[in-house]
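So the protein sequences, as listed, match chains H and D.
Numbering of the first sequence is given in the working numbering, commencing with residue 39 and proceeding in unit increments.
Numbering of the second sequence is given in the working numbering, commencing with residue 201 and proceeding in unit increments.
Ideal placement from N, C-alpha and C gives every residue a C-beta, glycine not left out.
The structure appears right after this line, and notes come after that.
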Amino acid sequence: MLRLERRARPSTLMAWCSPLLAVVLTAVCGAILFSVVGKDPIASLRVFFFEPVKDLHGWSEVGMKVAPLLTIAVGLSICFRANVFNIGAEGQLVIGAITAGALVLWLDDGENGGAWMIALALLAGVAGGMAWAAITAFLRDHFNANEILVSLMLVYVAQLLLSYLVHGALMDPDGFGFPQSRLFSDGWLLPVILPATRLHIGIALALIAAVIGWLYLSKSFSGFKLQVGGIAPMAARYAGFSSRSSLWISLLISGGLAGLAGAAEVMGPIGQLTPSISPGYGFAAIIVAFVGRLHPVGVIFSSFIMALFYIGGELSQSRLGMPSAITGIFQGILLFALLACDVLIHNRLRWAR
Amino acid sequence: MDALAPVIASTLIAGTPLMLAALGLLVNERSGVINLGSEGMMLMGAITAFATTVAFGSFGLGFVLAAVVGVVMAAFFAWLTIWLGANQVATGLALSLFGVGASAYLGLPYAGESLQPPQFAIPILGDIPLLGPALFRHHPLVYGAVALCIAVAWFLGRTRPGLILRAVGESPSSAHSLGYNVRRIRLAAVLFGGMCCGLAGAFMSLVYTPLWMEGMVAGRGWIALALTTFATWRPFRVMAGAYLFGGITILTFHMQAVGVPIASQLLSMLPYIATIVVLVLISRNATWIRLNMPASLGKNFNPNT
Chain H
39 MLRLERRARP STLMAWCSPL LAVVLTAVCG AILFSVVGKD PIASLRVFFF
89 EPVKDLHGWS EVGMKVAPLL TIAVGLSICF RANVFNIGAE GQLVIGAITA
139 GALVLWLDDG ENGGAWMIAL ALLAGVAGGM AWAAITAFLR DHFNANEILV
189 SLMLVYVAQL LLSYLVHGAL MDPDGFGFPQ SRLFSDGWLL PVILPATRLH
239 IGIALALIAA VIGWLYLSKS FSGFKLQVGG IAPMAARYAG FSSRSSLWIS
289 LLISGGLAGL AGAAEVMGPI GQLTPSISPG YGFAAIIVAF VGRLHPVGVI
339 FSSFIMALFY IGGELSQSRL GMPSAITGIF QGILLFALLA CDVLIHNRLR
389 WAR
Chain D
201 MDALAPVIAS TLIAGTPLML AALGLLVNER SGVINLGSEG MMLMGAITAF
251 ATTVAFGSFG LGFVLAAVVG VVMAAFFAWL TIWLGANQVA TGLALSLFGV
301 GASAYLGLPY AGESLQPPQF AIPILGDIPL LGPALFRHHP LVYGAVALCI
351 AVAWFLGRTR PGLILRAVGE SPSSAHSLGY NVRRIRLAAV LFGGMCCGLA
401 GAFMSLVYTP LWMEGMVAGR GWIALALTTF ATWRPFRVMA GAYLFGGITI
451 LTFHMQAVGV PIASQLLSML PYIATIVVLV LISRNATWIR LNMPASLGKN
501 FNPNT
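Written out as structure tokens, the structure is:
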């Protein structure tokens with residue numbers, strides 16, 4: 039029988055291979071799932087892993103999903119490394135979209151816009167996300183309130199706030215009563231970086247965020263203190279590292295990046311405020327962060343995989359007649375598979391009688 | 201006065217799913233395991249119950265299968281965390297994310313469908329004016345949840361197995377050295393939690409709002425988790441908290457119905473904001489929380505090391 043046996047020391051090799059193994063395992067589970075519902079498993083997997091990237095247009099669409107996922111996941115990686123469980127990135131994204139969108143709607147006169155204005159609106163998004171995350175940090179810091187539950191409750195509040203605004207103050211007056219804002223004019227939309235596609239500058243911002251995040255965690259003293267606090271809180275306290283500042287820094291960074299992602303979504307592919315601006319990017323990014331080993335460069339890989347799942351889900355609607363909700367199942371399976379594979383970091387499999 | 205009866209009645213109904221889920225999670229957490237998968241288990245319970253009832257026309261079978269689905273999901277969680285030593289927070293989140301996705305997928309054919317739940321009334325008591333409609337004309341599970349609360353309180357406080365379960369939650373290594381099988385006891389507690397969450401989900405889609413809508417649990421799984429903290433892990437406080445939150449939900453409905461000039465979205469925020477406020481009030485006293493919280497909550501235990 040197969041038995042688990044504890045390793046003398048954690049395996050570095052497995053720590054790197056386990057995410058790859060998890061992706062393979064997810065694909066296998068997906069193939070089984072597809073055969074159960076009577077679809078050709080090979081053809082179905084092609085829709086998820088090959089069709090999205092078979093041409094330049096496909097790559098650009100994948101890139102558009104990578105942008106928000108990567109931006110958020112970089113922030114969450116920093117947060118989770120500090121052992122601060124910010125589960126409410128979705129809410130911070132929504133608030134970032136609201137603040138950026140509101141600023142655009144306020145300043146946009148159809149003529150102005152341009153690089154500086156766009157930068158200003160993106161910063162408004164960052165500030166919005168930070169402010170929303172700051173509520174969680176403040177309540178944790180001063181009242182010891184569990185950050186998982188608070189940040190999660192704030193997701194529902196943020197979504198209801200967005201719905202309230204697009205039904206009221208920010209609704210398009212000429213929109214025939216549809217719950218959405220007016221379209222932003224061209225000067226306020228993120229520039230497209232790949233001609234003839236929709237791929238916008240958000241992907242570049244995401245990659246820059248990943249590099250800065252990596253530099254912060256591996257080269258800065260602040261990043262070092264933050265990680266010590268996450269791994270060994272007692273050691274951090276003994277060394278005089280403030281757990282309060284780690285809490286605030288990690289939540290503000292992750293909130294700001296989630297807000298940036300939200301701003302880039304409404305100023306990019308969406309182009310206006312609508313009641314639903316994110317298909318769960320904030321939650322998917324939690325999985326992205328874990329699969330990317332909480333490493334800002336690792337999450338580039340995992341956000342790409344997650345983007346494939348999103349596009350694959352959309353394609354499976356037309357190609358396989360499967361609902362796009364299948365994406366959610368894949369996301370869950372991927373995280374399960376990773377958690378199961380991670381067991382092999384500390385243990386090895388042995389045949390035993 | 202006549203207006204009060206339906207308010208009390210709907211408060212009891214709205215509080216029931218919260219109470220069912222929170223009682224299950226309470227037992228779960230008293231054994232030292234925190235399962236953040238409650239939202240996912242409730243959603244899967246809700247769609248399972250709804251689909252079963254539509255297919256077979258039996259509400260009873262719907263409840264049973266929802267409980268089974270909850271137990272199966274909890275068993276998977278238990279295998280990953282208790283036997284393979286996976287992080288409880290991450291695994292619970294995975295369970296919730298999976299439940300949200302899978303229930304949305306499975307529920308597509310049922311979107312917008314609704315059921316006609318049977319009416320219940322306790323003979324004689326149900327005919328009392330005012331009190332009858334307020335208290336005695338509910339689904340049996342409304343009373344079942346109250347009974348469950350008493351049973352859990354009795355089990356944890358007055359029985360030997362309850363004492364052992366609490367010991368496992370406080371200090372698994374002591375319980376282990378006394379010869380108790382920590383893993384199996386925790387498994388039982390987690391499975392009980394899964395069953396309760398499944399039932400709570402079934403109550404949502406079969407009784408509370410007898411229809412299926414994607415994401416219809418709307419955070420109640422998370423509120424139930426928060427409830428165990430509010431209640432400082434005491435069953436009767438869970439009951440009080442559940443009815444309080446049921447009351448807040450109903451209050452928002454009634455305010456909308458009588459035309460209070462506040463947008464419906466802002467009123468709908470109330471339960472979530474209330475959760476945060478109560479959480480803040482309770483958690484403010486860190487020592488009190490620490491004294492009441494099961495000491496090994498969230499920490500894995502490996503009997504072989």
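Asked: Helix, strand or coil at H238(H) according to DSSP, with G and I counted as helix; Found: strand
Asked: Any chain D beta carbon closer than 8 Å to V381(H); Found: yes
Asked: Residues in the stretch 202-215 of chain H having any Cβ partner in chain D nearer than 8 Å; Found: Y202, H205 and G206
Asked: Enclosing beta strand (DSSP E) for W389(H) [first to last residue]; Found: N385 to W389
Asked: CB of V337(H) within 8 Å of CB of A322(H), strictly; Found: no
Asked: DSSP state of E149(H) mapped onto helix, strand, coil; Found: coil
Asked: Status (buried if at least 16 other CB within 10 Å, exposed otherwise) for A486(D); Found: exposed
Asked: Inter-residue Cα distance where the pair is A274(H) and S283(H); Found: 12 Å
Asked: Touch test, the stretch 78-96 of chain H against the stretch 256-264 of chain H, Cβ-Cβ under 8 Å, three pairs minimum; Found: no
Asked: 7 Å CB neighbourhood of L58(H) in its chain, flanking five on each side removed; Found: none
Asked: C-beta neighbour in chain H for Q456(D), strict 8 Å; Found: no
Asked: Per-residue DSSP class, three states only, for V230(H); Found: strand
Asked: P435(D) burial status per 10 Å Cβ neighbour count (16 or more: buried); Found: buried
Asked: C-beta neighbour in chain D for G166(H), strict 8 Å; Found: no
Asked: Contact test: L306(D) Cβ vs the ligand SAH heavy atom, cutoff 7 Å; Found: The model on display carries no ligand, and the ligand SAH is accordingly not part of it.
Asked: Alpha carbon of H454(D) to alpha carbon of L131(H), nearest angstrom; Found: 31 Å
Asked: Beta strand (DSSP E) segments (min. 3 residues) lying fully within the stretch 330-371 of chain H; Found: none
Asked: Residue-level contact to chain D via CB, F72(H), 8 Å cutoff; Found: no
Asked: Separation of S362(H) from G68(H), as counted between CA atoms; Found: 14 Å
Asked: Residue-chain proximity (A351(D), chain H), Cβ-Cβ < 8 Å; Found: no
Asked: Burial state of W226(H) (16 or more Cβ within 10 Å); Found: buried
Asked: Ranges of the alpha helix (DSSP H) found wholly within the stretch 382-421 of chain D, counting only runs of at least 4; Found: 382-403
Asked: Whole runs of the alpha helix (DSSP H) within the stretch 126-189 of chain H, excluding any shorter than 4 residues; Found: 127-145 and 153-181
Asked: Contact list for the stretch 475-487 of chain D against chain H, Cβ threshold 9 Å; Found: T475, I476, L479, V480, L481, I482, S483, R484, N485 and A486
Asked: As assigned by DSSP and simplified to three states, the class of E313(D); Found: coil
Asked: Below-8 Å beta-carbon distance, Y402(H) vs any chain D residue; Found: For chain H, the structure presents residues 39 to 391; residue 402(H) sits outside this window and is missing.
Asked: DSSP-derived helix/strand/coil call for L40(H); Found: strand
Asked: Contact the stretch 417-435 of chain D vs the stretch 475-489 of chain D: 3+ CB pairs below 8 Å; Found: yes
Asked: is_contact[V132(H), chain B] using C-beta, thresh 8 Å; Found: Looking at the structure shown, chain B is missing, and the protein chains on hand are H and D.
Asked: Contact list for the stretch 353-373 of chain H against chain D, Cβ threshold 8 Å; Found: P361, A363, I364, T365, G366, I367, F368, Q369, G370, I371 and L373
Asked: Distance, A221(D) Cα to M395(D) Cα; Found: 9 Å
Asked: Span of the alpha helix (DSSP H) around F87(H); Found: P79 to F87
Asked: C-beta neighbour in chain H for G285(D), strict 8 Å; Found: yes
Asked: Simplified DSSP state of A105(H), which is helix, strand or coil; Found: helix
Asked: Cβ distance (whole Å) where S115(H) is taken to contact G297(H) below 8 Å; Found: The pair is not a contact, with the Cβ atoms about 17 Å apart (cut-off 8 Å).
Asked: Secondary structure of N502(D), DSSP reduced to three states; Found: coil
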